[in-house]
Amino acid sequence: MKNPFQILQPSQDQVFKIGRKSDCDLIFDERYVSREHALIYFKKDSWFIKNQSQSSHTLCNNHPIEEKILEHGDSISIGTKKISISIKNQILQLLVLQTQDSSPLILSEDTNSLGRSVENSDAKIHSSSCPAVLAKVKKKETKAKFTFLNKIKIQSKKQSKNFELADGEKARLPWCSLEFCDSFLFLHHQLPGFSVEAKDLEVSINKKTLLHHINFYLPPGEILAVIGRSGQGKSTLLRLLLAEFKLGKNSSLLLNGISHQNQEIRKYIAFLEQEPELRKELTVIETLKHAAAITLPKDTSKTEENEIISNFLDLLGLKHLEHHKTASLSGGEARRVALARELIGSPGLILLDEPLAGLDPVNIKILCHHLHKLSLLGYTIILTTHGYEALEIADKVLVIHEGAEAFFGTPKETFLYFDTTSPASTLQSLKQSSLEKWENSPLKNRIFPEESNHPTFIFPIVKHASSFLLYTKILLRQYFRDKGKVFALLIQPLIIGFLFSQTFSKNSSLWIAAFALILSANWFALSLSIREIVQEKKLYAHELRKGTKAFSILFSKLNFIHALAFFQAFICFLFLSFVLPLNAPFIPLFLSLITTILPATALGLMVSCFAKNTIQANILLPLLIIPQVILAGALVPLDQMKPIGNFLSASIPAKYNQAFLKNLFLGTPTNLSDLIIPTILAFIFYIVSWRLLLILGKAK
Numbered sequence: 108m109k110n111p112f113q114i115l116q117p118s119q120d121q122v123f124k125i126g127r128k129s130d131c132d133l134i135f136d137e138r139y140v141s142r143e144h145a146l147i148y149f150k151k152d153s154w155f156i157k158n159q160s161q162s163s164h165t166l167c168n169n170h171p172i173e174e175k176i177l178e179h180g181d182s183i184s185i186g187t188k189k190i191s192i193s194i195k196n197q198i199l200q201l202l203v204l205q206t207q208d209s210s211p212l213i214l215s216e217d218t219n220s221l222g223r224s225v226e227n228s229d230a231k232i233h234s235s236s237c238p239a240v241l242a243k244v245k246k247k248e249t250k251a252k253f254t255f256l257n258k259i260k261i262q263s264k265k266q267s268k269n270f271e272l273a274d275g276e277k278a279r280l281p282w283c284s285l286e287f288c289d290s291f292l293f294l295h296h297q298l299p300g301f302s303v304e305a306k307d308l309e310v311s312i313n314k315k316t317l318l319h320h321i322n323f324y325l326p327p328g329e330i331l332a333v334i335g336r337s338g339q340g341k342s343t344l345l346r347l348l349l350a351e352f353k354l355g356k357n358s359s360l361l362l363n364g365i366s367h368q369n370q371e372i373r374k375y376i377a378f379l380e381q382e383p384e385l386r387k388e389l390t391v392i393e394t395l396k397h398a399a400a401i402t403l404p405k406d407t408s409k410t411e412e413n414e415i416i417s418n419f420l421d422l423l424g425l426k427h428l429e430h431h432k433t434a435s436l437s438g439g440e441a442r443r444v445a446l447a448r449e450l451i452g453s454p455g456l457i458l459l460d461e462p463l464a465g466l467d468p469v470n471i472k473i474l475c476h477h478l479h480k481l482s483l484l485g486y487t488i489i490l491t492t493h494g495y496e497a498l499e500i501a502d503k504v505l506v507i508h509e510g511a512e513a514f515f516g517t518p519k520e521t522f523l524y525f526d527t528t529s530p531a532s533t534l535q536s537l538k539q540s541s542l543e544k545w546e547n548s549p550l551k552n553r554i555f556p557e558e559s560n561h562p563t564f565i566f567p568i569v570k571h572a573s574s575f576l577l578y579t580k581i582l583l584r585q586y587f588r589d590k591g592k593v594f595a596l597l598i599q600p601l602i603i604g605f606l607f608s609q610t611f612s613k614n615s616s617l618w619i620a621a622f623a624l625i626l627s628a629n630w631f632a633l634s635l636s637i638r639e640i641v642q643e644k645k646l647y648a649h650e651l652r653k654g655t656k657a658f659s660i661l662f663s664k665l666n667f668i669h670a671l672a673f674f675q676a677f678i679c680f681l682f683l684s685f686v687l688p689l690n691a692p693f694i695p696l697f698l699s700l701i702t703t704i705l706p707a708t709a710l711g712l713m714v715s716c717f718a719k720n721t722i723q724a725n726i727l728l729p730l731l732i733i734p735q736v737i738l739a740g741a742l743v744p745l746d747q748m749k750p751i752g753n754f755l756s757a758s759i760p761a762k763y764n765q766a767f768l769k770n771l772f773l774g775t776p777t778n779l780s781d782l783i784i785p786t787i788l789a790f791i792f793y794i795v796s797w798r799l800l801l802i803l804g805k806a807k
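The sequence shown runs 108 to 807 under our numbering.
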């Protein structure tokens, strides 16, 4: 598989050769490169590059050179290839970038295959996010006919497996563009970044205007720094790009010519908050493997996956941390891990909210260096900042004041326009008249390029690994790596069971014993499930946006928590059976506990989806337990309840659980409906939870 970049580290005792010859250390097989084009070597505590070509130039920062001392951040151009230079403690790293190119594929009536791992190099799509075989293509009269292995979504939201390109037409995939011309199919292997076009952006919530009159255009592969005082709308702009707010009627926000609300293009937007959400129980490598499983195609081999992860660990300087738990990382390290997690999905747009906040000067420089590397690789980045370091790597600056645009241009133009020398002095100079000045400035009219027709965007539906197994594995790690949690899981049923054994005797009422067991089972299931969604809600919103199925998340949690709660409830039953003559048949008992725990777990997950935070979820827990106690018919018989209480009890699963288990313990006939109705209620709670998760992942 061809990667979008390659990292090499020459040793100080070698002469590193670049050229077309087979014995070169870095081989560029193209006609613009000489057989031995350039040398890189270490001498007198410095790294040098020397041009060896008589017919072609070696460029450093776009200037021809013969011999030059290399400096950190230099950009070397040889033929159509680019090399980014990183030097730290005299250790040199070369980041070799794959530039845009086109491969002409001659089409006939014979079928060709397009994809990541096809035999014909002219038909290869160089992206790890593309399936091994994406589509079959052949010439049909004067058109190129594509038959995709899985369905595709076109801009108009149609789903199909077939697509045609007429002579002279173009189409865009997330990883490349296609052009058909005179029986040739051209694959333009473009870099991943999206263009961003914002016109007259406006956001209002509860009649309060948060953003208005925001306009900017950002080409693919550039960095936009958004600056402004606190509370002026910077974070709102990022949330708007994530489609978490509704646009005003006259507003337009396009990514590569497509609405930012498009469900498919949103899969290629990465977002990092100041304090990114990471699963604390997982290691760095496990975090990245999880990201790979939910974003890379199902046909990705373990070798490919490991190579991709290793490349991003190297790119962001995380190799030495791969087996560390994310809970042990510093703020800067955690942000780089979160960034690596996002990059695995090949995002077209990376959004960062105050990525430099709270970092020490060393970590600020490290993170800025890595962001600059990403822009060289073609990623489009938008970040909010107050830091000068971010402006040093930014291509464009957007100044926001009182929710409106006060300037848009390059960093140099920003300081010239405001007659300042730093972001801090620029922000201090902002006032109401700054908005009026910008409205009348001739610089404002040059923001947008000439109108161009964007090609039709095709989104292939890519199959991923089973999310159910993936989230089950994560739950196992989260629970059983936390020794305190494991201890609580074991000690709870033992303590409750011991109290049962000391409270009940052979003379105790069996229907009271049934109620005690039902109440315990409800407690176990609800206490385990009530925080399960809300404590990772931001992560799930992000993963759902990437295409993870809500069903997989919920079903894995339902099964796992149900199994744990059943184990705890069964321990309590064993304690009861030592002191009471409980001759309940195993299968009816098993079904009784299953249908007791199932609705309680589903109810807990539903409330967890509703809750805004874990504190709110904890407060709601008694409100779920108490009705199970009062309305189950054990404390007060159903025939003694008032009409409203009797009516409400019909929606309480514990009422039916209590009735079935009481009859089972007493040896009287049981009613099958007492098993069916709680199962139906559980199904209703589950469907509501599923709908809430779907809404969580959708655009506003």
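Each residue gets a CB set at the ideal place from its N, CA and C atoms; glycine is no exception. As the structure is a prediction and not an experimental result, all values here were calculated from the model.
| Check | Outcome |
| --- | --- |
| Range covered by the beta strand (DSSP E) that runs through Y324 | K315 to L325 |
| Pair within 8 angstroms by beta-carbon distance, S482 and I489 | no |
| Per DSSP, cross-strand counterpart(s) of N219 | V244 |
| Simplified DSSP state of L537, which is helix, strand or coil | coil |
| Nearest to A648 (by Cα), restricted to the options L505, R588 and R373 | R373 |
| Beta-carbon spacing of S193, H179 below 8 angstroms | yes |
| Exposure label - F754; buried when at least 16 CB within 10 Å | exposed |
| S267 classed as buried or exposed, judged by whether at least 16 other C-beta atoms fall within 10 angstroms | exposed |
| Chain-order list of residues whose beta-carbon lies under 7 angstroms from that of A441 (same chain, five-residue window excluded) | P383, L385 and T433 |
| Cα-Cα separation between K128 and T187, rounded to whole angstroms | 17 angstroms |
| Backbone CA spacing between E380 and F594 [nearest angstrom] | 33 angstroms |
| Per-residue DSSP class, three states only, for T655 | coil |
| Buried or exposed (CB count within 10 angstroms, at least 16 for buried), R638 | buried |
| Beta-carbon proximity check, I415 vs S235, cutoff 8 angstroms | yes |
| Own chain partners of D460 with C-beta closer than 6 angstroms, once the 5 adjacent residues on each side are dropped | S342, L345, E380, Q381 and T491 |
| L201 to N560 span [Cα, whole Å] | 37 angstroms |
| In DSSP terms, what A273 is bridged to | K250 |
| Delimiting residues of the alpha helix (DSSP H) encompassing H295 | Segment F291 to H295 is the beta strand (DSSP E) holding H295; no alpha helix (DSSP H) there. |
| Reduced DSSP category for L788 - H, G, I as helix; E, B as strand; rest coil | helix |
| Residue interval of the beta strand (DSSP E) (run including I147) | A145 to K150 |
| Buried or exposed by the 16-neighbour rule on C-beta atoms within 10 Å, applied to N747 | In the sequence as presented, Asn is not what sits at residue 747; that position holds Gln. Q747 is exposed by the Cβ-count criterion. |
| Residues of its chain near C679, where Cβ-Cβ distance is below 7 angstroms and the 5 sequence neighbours each way are ignored | P600, I603, G604, F607, L624 and S627 |
| Segment limits, beta strand (DSSP E) that includes F754 | No beta strand (DSSP E) contains F754, which is instead part of the alpha helix (DSSP H) from P750 to S756. |
| Range of the contiguous alpha helix (DSSP H) that encloses N369 | From DSSP, N369 is part of no alpha helix (DSSP H); its letter is neither H nor E. |
| 6 angstroms Cβ shell around A531 - same chain, five flanking residues per side excluded | none |
| For E384, the three-state DSSP class (helix, strand or coil) | coil |
| L403 versus N547, K503, F662 and P238, residue with shortest Cα-Cα distance | P238 |
| A145, buried or exposed, once every other Cβ within 10 Å from all chains shown has been counted against 16 | buried |
| Where M108 falls: helix, strand or coil (DSSP) | With a pLDDT of only 38 at M108, under the threshold of 50, the placement of this residue in the model should not be trusted; the figure read from the coordinates follows. Coil. |
| Under the three-state DSSP convention, the category V140 falls into | coil |
| Euclidean distance between Cα positions of H295 and A273 | 17 angstroms |
| Cβ neighbours of L577 in the same chain (closer than 6 angstroms, five flanking residues each side left out) | A400 |
| Cβ-Cβ distance between G510 and Q339 below 8 angstroms | yes |
| Neighbourhood of A806 by C-beta distance below 6 angstroms, restricted to the same chain and skipping five residues each side | A350 and Q368 |
| Secondary structure of N418, DSSP reduced to three states | helix |
| Delimiting residues of the beta strand (DSSP E) encompassing L199 | I198 to L204 |
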